[in-house]
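Asker: One structure follows; several queries about it will come next.
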Amino acid sequence: MGLIIALLAVALLILIATIGAGTLGLHYLFGIVIPYASLAVFLIGVVYRVIIWAKSPVPFRIPTTCGQQKSLPWIKSSKLEAPNSTLGVIGRMALEVLFFRTLFRNTKTLLAKGPKLGYSSEKFLWLAAMAFHWCLLVILLRHLRFFVEPVPSFVGLLQPLDGFFQVGLPIIYISNVLIALGLLFLLFRRLFDPKLRYISLAADYFPLFLILSIGTTGALMRYTSIKANLIPIKQLVTGLFGFQPVIPAGLDVMFFIHLFLVCALIAYIPFSKLMHMGGIFMSPTRNLANNSRIKRHINPWNPDVKLHTYEEYEDEFREVMKAAKMPLEKE
Amino acid sequence: MYDAGKVITGIIIFLVLVTFPIWFNIASGEAAYTPDPTIATPAEQCVESLEYMKRNHMDMLDEWRDIVVRDAQRTFVAPDGKTYEMSLSNTCMKCHSNKTEFCDKCHSYVAVDPYCWECHIEPEEVTDGNR
């Protein structure tokens, strides 16, 4: 069900762009208004959600059990798995963000004959996720050649590296092949694993289909006879980013579909699980130093309790207590 | 908000990185730049239509290379019936002789670095002067 809804939603988006920008020729709407609107939704939405998260109190440290906590000097502690300093936390976070360390520890449950329960390492999800996310970053950075004028030199360095094998013309980028493989693995894993299929919702399939469609429209414009004329495309995009929007002549429907799908993806991020790109930094098990035994952490929602210490009590009733010959700490 | 200092620093870093194209374009002031390639010795008609050449010249050159190098075929019949010799240096560069003012204009605009000149000798105007 979720699968069909997600598929229909992406098909509808493509249809809207085809009719809107193609048949009706609403280039101003699809080329300028929608991109600006979706960029605004993206920026405001992401900041808003991060601030909402930051308002939740984190009363105590959550020590994860994957590493030895720092204790006595002769017990070797795990500085990256259970860091007790900010530097260690930065290291753990960097490993998580850049190399998906927790996903690397992913395991698979098996039921063997017997019946015997077993666990085995499952690295393919990690591999596909790494391929997908890193390629997405490379593709995004490569796209800077259409976003900014003059093109920064690191973009020029990235392209020959990405097209290292010089296969075909225009040269097929390694990142394009890998991202397709990664995405298809992530999709087929949801489709062919019955347990995963059971828990997969439209919100799980939709981003996959959306990003696949964005990649496909991009690849069509680069590798097939539906070639795009890049000059007006860059004029449109630099115009948008430089706040001097223009609609140049020579833009195709395929480009508008590509752009509209990207706008949909960007505007969808704050409302969806794609917010994990901000959420990863807000994960208490990743971003808090495991120093519960070193530092006292006071629960932020503790009420302000009025205390009446014994010293104050004695001061108050000193005379009475003295008269009753009760033992006093201070005479 | 808890850990406001750290969270706001993070948000600012995020916004600065994401809006990189905006402030880069505003700082460079080149957002409205349009490349204007010029032809030194214009002929009336290219081997294909202008619209076709804008999008597909790289495919055509690739095709020509394969046909010439592998099949030793050197004649190209244009859609209008005219025949041309399939040669970058002798046919294309006859009209489009000014690499810096023609090819490079659009190529550097969209940061394309074609490897034509790894085999072909670059036209004189470049080797002589302003590079």
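Chains as they are written, first to last, in my numbering: chain C, 20 to 350; chain X, 24 to 154.
Glycine included, each C-beta is placed from N, C-alpha and C at the ideal position.
With distances taken from CA atoms, which of C:L58, C:A36 and C:A40 is nearest F43 (chain X)?
Answerer: C:L58
Asker: Mind pulling the chain X residues with CB within less than 8 Å of A73 (chain C)?
Answerer: M24, Y25, D26, A27 and V30
Asker: To the nearest angstrom, how far is it from the Cα of A101 (chain C) to the Cα of L144 (chain C)?
Answerer: 25 Å
Asker: Does DSSP put V130 (chain C) in a helix, a strand or coil?
Answerer: Residue 130 (chain C) is actually Leu in this sequence, not Val. Three-state result, L130 (chain C): strand.
Asker: Based on the DSSP secondary-structure assignment, which residues constitute the bridge partners of Y107 (chain X)?
Answerer: DSSP output for Y107 (chain X) lists X:F99 as bridge partner(s).
Asker: Between which two residues does the alpha helix (DSSP H) harbouring Y287 (chain C) extend?
Answerer: V272 to Y287
Asker: Could you say which of C:L205, C:F274, C:K132 and C:G258 lies nearest to T37 (chain C) if we only look at CA atoms?
Answerer: If we check each option's Cα against that of T37 (chain C), C:F274 comes out closest.
Asker: Do C129 (chain X) and P58 (chain X) have their C-beta atoms within less than 8 Å of each other?
Answerer: At the C-beta level, C129 (chain X) and P58 (chain X) come within 8 Å of one another.
Asker: Check each residue of the region 42 to 53 of chain X: if its Cβ is closer than 7 Å to any Cβ of chain C, include it; give the result in chain order.
Answerer: P44, I45, F47, N48, I49, S51 and E53
Asker: Here's a check: name, in chain order, each residue in its chain whose Cβ is nearer than 8 Å to the Cβ of G298 (chain C), leaving out the five neighbours to either side.
Answerer: W72
Asker: Checking 8 Å against the spacing of the C-beta atoms, do G201 (chain C) and A147 (chain C) come in under that value?
Answerer: yes
Asker: Determine, using beta carbons only, whether P102 (chain X) comes closer than 8 Å to chain C.
Answerer: no
Asker: For a cutoff of 8 Å on Cβ pairs, would you count A134 (chain X) as touching chain C?
Answerer: It does; some Cβ of chain C falls within 8 Å.
Asker: Which bits of chain C does R78 (chain X) rub up against, with CB to CB less than 8 Å?
Answerer: Scanning chain C for C-beta atoms nearer than 8 Å to the C-beta of R78 (chain X) yields K246, A247 and N248, reported in chain order.
Asker: Please list the terminal residues of the continuous beta strand (DSSP E) segment that includes L136 (chain C).
Answerer: K135 to S140
Asker: At 7 Å on the CB atoms, spell out the chain C contacts of T57 (chain X), in chain order.
Answerer: Per Cβ cutoff of 7 Å: Q254.
Asker: Does the Cβ of T128 (chain C) have 16 or more other Cβ atoms within 10 Å, making it buried, or fewer, making it exposed?
Answerer: exposed
Asker: Within this structure, are the beta carbons of T83 (chain C) and T304 (chain C) separated by less than 8 Å?
Answerer: Taking 8 Å as the Cβ cut-off, T83 (chain C) and T304 (chain C) qualify as a contacting pair.
Asker: Any contact between the region 112 to 126 of chain X and the region 148 to 164 of chain C? By contact I mean 3 or more CB pairs, one from each, below 8 Å.
Answerer: no
Asker: Would you tell me roughly how many angstroms separate the C-alpha atoms of E335 (chain C) and I317 (chain C), rounded to the nearest one?
Answerer: 30 Å
Asker: Applying the criterion that 16 or more other CB atoms from any shown protein chain within 10 Å of the CB defines a buried residue, is P319 (chain C) buried or exposed?
Answerer: Burial call: exposed.
Asker: A56 (chain C) by DSSP, collapsed to three states: which one?
Answerer: helix
Asker: Mind listing, in chain order, the continuous alpha helix (DSSP H) runs of no fewer than 4 residues lying wholly within the region 210 to 274 of chain C?
Answerer: 213 to 218, 221 to 242 and 249 to 260
Asker: Do you know whose CA, among C:P322, C:L197, C:F260 and C:M20, lies nearest I49 (chain X)'s CA?
Answerer: C:F260
Asker: If you check the beta carbons only, do T257 (chain C) and A66 (chain X) fall under 8 Å apart?
Answerer: In terms of Cβ geometry, T257 (chain C) and A66 (chain X) do not form a close pair [threshold 8 Å].
Asker: Express the C-alpha separation of R216 (chain C) and G21 (chain C) in angstroms, rounding to a whole number.
Answerer: 10 Å
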